[in-house]
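Enquirer: So the sequence lines, in the order shown, correspond to chains V and D. Sequential numbering of the first sequence, starting at 2, is according to the working numbering. Sequential numbering of the second sequence, starting at 275, is according to the working numbering. Handing you this structure, nothing more for now.
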Amino acid sequence: MTGTHGVGTMTGIALRTGWKVLVTWVLAMVGVMAVTGSSIGALYDTPEKIRGYAASLGGDAMAVLNGRVAGLDTLGGVLANEFGFVLSFGMPLMAVALTSRATRRDEEAGRLELLLAARIGRRAPLLAAVLVSSGAVLLTGLGCGAVMAAFGADAAGSLLYGLGIAALGFVFVGVTAVAAQVVEHNRQVWVVGIALTALLYLLRGLGALERNALLWLSPHGWVDEVRAFGEPRVWPLMLALGVGLALVALAFWFLDRRDVGSALLRPRRSVPRASAALRTPLGLAVRQHRGAVLGWAVVAAALMGVYGSLAQEIIDVILDNPALGGFLGADAEGLAEDLLRTVMSTFVMMLAMLVAAFVVAGIGSLREEERAGRLEVDLSAQRSRHSWLGVHVLVVTAGALVVGLVGALALGGSTSAALGERDWVGDVLSGALVQVPAVLVFVGLAVALLGWWPRGHLLAWGVLAVGALLAYLGPGFDLPDVLLDASPFIAVGQDVLADGASTPGTLVLLSVGLVLTVTGFVGFRRRDVPVP
Amino acid sequence: MTEQLVEITGLRKRFGRVQALDGLDLSVGRGEVHGFLGPNGSGKSTTLRILLGLTRADGGVVRLFGGDPWKDAVELHGSLAYVPGDVTLWPGLTGGQCIDVLARAHGRVDERRRADLVDRFDLDPTRRSRDYSKGNRQKVSLVAALATDVELLVLDEPTAGLDPLMEEVFQQVVHERRAEGTTVLLSSHLLGEVEALADRVSIIRSGRTVTTGTLTELRRHTRSAVRAVTVRPPDLDRVAGIQDVRTGTDDEGRTDVHASCEPDAVGALVGALHDAGIHTLTVTPPSLDDLFLEAYAGPDR
Numbered sequence: 002m003t004g005t006h007g008v009g010t011m012t013g014i015a016l017r018t019g020w021k022v023l024v025t026w027v028l029a030m031v032g033v034m035a036v037t038g039s040s041i042g043a044l045y046d047t048p049e050k051i052r053g054y055a056a057s058l059g060g061d062a063m064a065v066l067n068g069r070v071a072g073l074d075t076l077g078g079v080l081a082n083e084f085g086f087v088l089s090f091g092m093p094l095m096a097v098a099l100t101s102r103a104t105r106r107d108e109e110a111g112r113l114e115l116l117l118a119a120r121i122g123r124r125a126p127l128l129a130a131v132l133v134s135s136g137a138v139l140l141t142g143l144g145c146g147a148v149m150a151a152f153g154a155d156a157a158g159s160l161l162y163g164l165g166i167a168a169l170g171f172v173f174v175g176v177t178a179v180a181a182q183v184v185e186h187n188r189q190v191w192v193v194g195i196a197l198t199a200l201l202y203l204l205r206g207l208g209a210l211e212r213n214a215l216l217w218l219s220p221h222g223w224v225d226e227v228r229a230f231g232e233p234r235v236w237p238l239m240l241a242l243g244v245g246l247a248l249v250a251l252a253f254w255f256l257d258r259r260d261v262g263s264a265l266l267r268p269r270r271s272v273p274r275a276s277a278a279l280r281t282p283l284g285l286a287v288r289q290h291r292g293a294v295l296g297w298a299v300v301a302a303a304l305m306g307v308y309g310s311l312a313q314e315i316i317d318v319i320l321d322n323p324a325l326g327g328f329l330g331a332d333a334e335g336l337a338e339d340l341l342r343t344v345m346s347t348f349v350m351m352l353a354m355l356v357a358a359f360v361v362a363g364i365g366s367l368r369e370e371e372r373a374g375r376l377e378v379d380l381s382a383q384r385s386r387h388s389w390l391g392v393h394v395l396v397v398t399a400g401a402l403v404v405g406l407v408g409a410l411a412l413g414g415s416t417s418a419a420l421g422e423r424d425w426v427g428d429v430l431s432g433a434l435v436q437v438p439a440v441l442v443f444v445g446l447a448v449a450l451l452g453w454w455p456r457g458h459l460l461a462w463g464v465l466a467v468g469a470l471l472a473y474l475g476p477g478f479d480l481p482d483v484l485l486d487a488s489p490f491i492a493v494g495q496d497v498l499a500d501g502a503s504t505p506g507t508l509v510l511l512s513v514g515l516v517l518t519v520t521g522f523v524g525f526r527r528r529d530v531p532v533p
Numbered sequence: 275m276t277e278q279l280v281e282i283t284g285l286r287k288r289f290g291r292v293q294a295l296d297g298l299d300l301s302v303g304r305g306e307v308h309g310f311l312g313p314n315g316s317g318k319s320t321t322l323r324i325l326l327g328l329t330r331a332d333g334g335v336v337r338l339f340g341g342d343p344w345k346d347a348v349e350l351h352g353s354l355a356y357v358p359g360d361v362t363l364w365p366g367l368t369g370g371q372c373i374d375v376l377a378r379a380h381g382r383v384d385e386r387r388r389a390d391l392v393d394r395f396d397l398d399p400t401r402r403s404r405d406y407s408k409g410n411r412q413k414v415s416l417v418a419a420l421a422t423d424v425e426l427l428v429l430d431e432p433t434a435g436l437d438p439l440m441e442e443v444f445q446q447v448v449h450e451r452r453a454e455g456t457t458v459l460l461s462s463h464l465l466g467e468v469e470a471l472a473d474r475v476s477i478i479r480s481g482r483t484v485t486t487g488t489l490t491e492l493r494r495h496t497r498s499a500v501r502a503v504t505v506r507p508p509d510l511d512r513v514a515g516i517q518d519v520r521t522g523t524d525d526e527g528r529t530d531v532h533a534s535c536e537p538d539a540v541g542a543l544v545g546a547l548h549d550a551g552i553h554t555l556t557v558t559p560p561s562l563d564d565l566f567l568e569a570y571a572g573p574d575r
């Protein structure tokens, strides 16, 4: 290929400026696999228990989330299934992150222009980005495979599964490389990457559930069809590799047909004046957050809609479970509904986690206002700090309610549709209402950090991750109640659809949320602006 | 005495181990264009942020319109508009929308002036701000601030990224606003801009005010360079206020004299040279460049 002079230099630059991000991604993915391996290895330590694993799953139900993982009666298959969700989103996002930062991000910042003016060929930066990202996804796949083999999974299967992980990542390296040529801003590359990840994930889920051709439209499906721990076959791997290479080739074809700094899609023009609403602080804040609200609401609706549509399958699984059959007896239907209610409570809890993530991201975006200098401009006008922060917190909180409401309606509606009997919307809504104080704690936490330690915003994500993990995995691992109650999502009450709110938990969470929020406002009034 | 809109004395601010401001003084009288000069990193932006109540001072006195900018920020901001040195505007809004949002935030917008400025700065208000070049982004901030009816304009390196034509437009607009009685605090490190616009200047370095005054006053403090060739060696010991004297003898036995001389001593020096029989004489008045270089690069107090 011509025009690739200096690809070594560019690879060096990509590694020198991005090795921390790269190593973090690889270690995080392999680390999650290691945690999965150690916990699953301890829980399923005999062949009998492993054989029981498949029965403990929802069968068709789980296929929507993780695809149809082959060889669920082997340790490798169990690990692959447990890792499925992290894999489905982790690998694509890793590929987007690593590829975009060395292509469109550097081009937008003008760094590529500077380098291309030196002895660097026009194609070298893209080639270097693809090489580095591909190396990282391959490293991740091999690392995950090695960890699986180390925990006792079949070695050949582990290697093949690891290559499957890498192949999924490579397809998205190609996707990102193309997106970086098509759109002009790094933010838009991310939007394309995330949207395609979600879309292809849903396609795989629907294809796996219905066992139809939709499966083959998604790279997630190709990786499943390698069947590393069933009857392995290599050609789906080749398919993924081929598509990835074709996408990379397409990216180069686009690259040769555009100017440095520009994109295939030209930016559109828009209105020259701001509407009356946009000129108010509230209108501006709504405008700034509405894209995020819309995006998160779509995700919440899709996820909750899929969960709700599984209600009938879940009941079937419960009724079919031979371990339960003996106890259920004549009142089997009623008991199954009680159990379904518990499962629905878990779905509502996951919705609350999603909404909390929206809140942390939304308040976190205010840091970007500060870094970009817009906060300074706003405050140099006749805006008090309390009014500025108040309006944004109000809009984010209202946005959280919208996302939660949409998710709850989707869950309740799809459950009612799937079961076709009684109305679940009311139950789900009241359950979702119980989770509101848990979300408000994260409003408070994010605001407090913004006011007192703006550089420490990641801590809010850390607390959310710990709280979510405790609530999600804690009951299964038999953790003590004290530890479980430390998670806001459990403290509001377990099994919120059946038992309702825990009064002390709700009161504590509301007080904590309020105190943190007030503290944050006080800190925000007192601190320097901007904190870089 | 004219009313002081900005009065800063002994201002101090520390960021971690860095002493950003170390006893800075600045005063801006009503109706003047005040040039605020200093090298990069000398504390100009920090001073302006403290003046706007964005950053809290560690010590010293800051008065803006006679009030405390930290406590009464919102009230005081009603009478000023600010153009920050480095701002990324709302990427999804068009330039025109950004102007409206900013201008609304600044206060009362003069619609006629807004339209006039968009036109004069040759700005396309239908493009999204993320698609603008640096210069065009800067124009958006400038139009928004200059279109509002305020008493004080605080401009932090406002012409960074503007081409010379636009720089010219900017200077015209500032002249017009000054004629209407608006006070301007202009932070800059562009000598020509300050020379063209400022009534008074303050030069700071390492967080301290090095010198302040009108340009004429500042010129008075700098030395003229004198070079002469005289028939006989001149008697320079009786002349006060000259420095850096170097003398030599040329091929024809005449005396070659170099010296630097305070403004008040030029007459006495020329007198002494005349007594020695002047063959050639050049007196070079202080240039602004020298003045700034001296202030920028000179030793700390």
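C-beta atoms are modelled at their ideal positions from N, C-alpha and C, and glycine is treated no differently. What you are looking at is a predicted structure, and each value in this text was computed from that prediction instead of being measured.
So with Cβ pairs under 9 angstroms, would you call Ala535/V a contact of chain D?
Expert: The structure shown does not extend to residue 535/V, since chain V is modelled only from 2 to 533, so the question has no answer here.
Enquirer: For His267/D, does the three-state DSSP call read helix, strand or coil?
Expert: A query on residue 267/D cannot be resolved here, the shown segment of chain D reaching from 275 to 575 and no further.
Enquirer: Counting only C-beta atoms, is Pro455/V closer than 9 angstroms to chain D at any point?
Expert: no
Enquirer: Express the C-alpha separation of Gly292/V and Arg188/V in angstroms, rounding to a whole number.
Expert: 12 angstroms
Enquirer: Do you know how far the Cα of Leu320/V is from the Cα of Gly327/V?
Expert: For Gly327/V, the predicted structure reports a pLDDT of 49, less than 50, and the residue's modelled location is therefore unreliable. The matter cannot be settled from this model.
Enquirer: What residue range does the beta strand (DSSP E) around Tyr356/D cover?
Expert: 354-357
Enquirer: Grab me the residues of Arg52/V's own chain with a C-beta within less than 8 angstroms of its C-beta, minus the 5 sequence neighbours each way, in chain order.
Expert: Asp74
Enquirer: Just the Cα atoms here: how many angstroms apart are Ala55/V and Arg280/V?
Expert: Taking the straight line joining both Cα atoms gives about 58 angstroms.
Enquirer: Measure the alpha-carbon distance for Asp574/D versus Gly19/V and round it to whole angstroms.
Expert: Residue placement at Asp574/D is poorly supported in this model, since its pLDDT is 49, which falls under 50; the coordinates still yield a value, given next. Approximately 41 angstroms between the Cα atoms of the pair.
Enquirer: From the DSSP secondary-structure annotation, give me the bridge partner or partners of Ser385/V.
Expert: Ser385/V pairs with nothing; no bridge assigned.
Enquirer: Of the residues Leu116/V, Gly463/V, Val361/V, Gly405/V, which one's Cα is nearest the Cα of Val435/V?
Expert: Gly405/V
Enquirer: For Ile121/V, which of helix, strand or coil comes out of DSSP?
Expert: Here Ile121/V sits in coil by DSSP.
Enquirer: Might you give, ordered along the chain, the residues of its own chain that have their beta carbon closer than 6 angstroms to the beta carbon of His532/D, omitting 5 neighbours on each side?
Expert: Arg501, Arg520
Enquirer: Bridge partners for Cys535/D per DSSP, in chain order?
Expert: Ser498/D, Ile516/D
Enquirer: Taking 9 angstroms as the CB-CB limit, is Thr400/D close to chain V?
Expert: By this cut-off, Thr400/D is an interface position.
Enquirer: Where does Lys50/V land, buried or exposed, given buried means 16+ other C-beta within 10 angstroms?
Expert: exposed
Enquirer: Report yes or no: do three or more beta-carbon pairs, one from the stretch 312-331 of chain D and one from the stretch 507-517 of chain D, lie closer than 8 angstroms?
Expert: Result no; under three Cβ-Cβ pairs closer than 8 angstroms.
Enquirer: Looking only at DSSP bridge pairs, what is Ser301/D linked to?
Expert: Glu281/D
Enquirer: Using the beta-carbon count (16 or more within 10 Å), is Leu265/V buried or exposed?
Expert: exposed
Enquirer: Quick check: what's the CA-CA separation for Gly521/V versus Leu450/V?
Expert: 7 angstroms
Enquirer: By the DSSP assignment, the alpha helix (DSSP H) with Leu498/V in it spans what residues?
Expert: 497-500
Enquirer: Look at the alpha carbon of Arg105/V and the alpha carbon of Leu256/V, and state the distance between them as a whole number of angstroms.
Expert: Whole-angstrom Cα-Cα distance: 11 angstroms.
Enquirer: At a CB-CB cut-off below 8 angstroms, which residues of chain D make contact with His186/V?
Expert: Ordered by position in chain D, the residues that pass the 8 angstroms Cβ test against His186/V are Pro365, Arg404.
Enquirer: Let me check one thing: in DSSP terms, what residues is Val458/D bridge-paired to?
Expert: Val307/D, Leu427/D
Enquirer: Assuming Ser476/D is part of the beta strand (DSSP E), what are its boundary residues?
Expert: It spans 474-479 - the beta strand (DSSP E) in which Ser476/D sits, taken as one unbroken run.
Enquirer: Counting along the chain, where does the alpha helix (DSSP H) carrying Leu238/V start and finish?
Expert: 236-256
Enquirer: Determine, for Asp574/D, whether the minimum Cβ-Cβ distance to residues of chain V falls below 9 angstroms.
Expert: For Asp574/D, the pLDDT reaches just 49, beneath the cut-off of 50, and the residue's location in the model is therefore unreliable, leaving the point undetermined.
Enquirer: Flag Gly327/D as yes if its beta-carbon sits less than 9 angstroms from any beta-carbon of chain V, otherwise no.
Expert: yes
Enquirer: Does the beta-carbon distance from Ala433/V to Gly408/V come in below 9 angstroms?
Expert: yes
Enquirer: With a 10 Å radius around its C-beta and 16 neighbouring C-beta atoms as the bar for buried, classify Pro476/V as buried or exposed.
Expert: So Pro476/V counts as exposed.
Enquirer: Would Gly296/V pass as an interface residue toward chain C - the criterion being a Cβ-Cβ separation below 9 angstroms?
Expert: The displayed structure is made up of protein chains V and D, and chain C is not among them.
Enquirer: Please confirm if Asp260/V has its CB atom under 9 angstroms from at least one CB of chain D.
Expert: No, no contact with chain D.
Enquirer: What does a CB cutoff of less than 6 angstroms around Ala129/V pick up in its chain, not counting 5 residues either side in sequence?
Expert: Val8, Met11, Thr12, Ala15
Enquirer: Alpha carbon to alpha carbon, how far is Val365/V from Phe230/V?
Expert: For the sequence presented, residue 365/V should be read as Gly rather than Val. Cα-Cα distance, rounded: 42 angstroms.
Enquirer: Report the neighbours of Asp379/V on chain D: residues whose CB is nearer than 8 angstroms to its CB, in chain order.
Expert: Ala379
Enquirer: Buried or exposed, going by whether 16 or more other CB atoms sit within 10 Å of the CB of Arg431/D?
Expert: Looking at the sequence itself, residue 431/D is Glu, so the reference to Arg does not match. Answer is buried; the Cβ neighbour count reaches 16.
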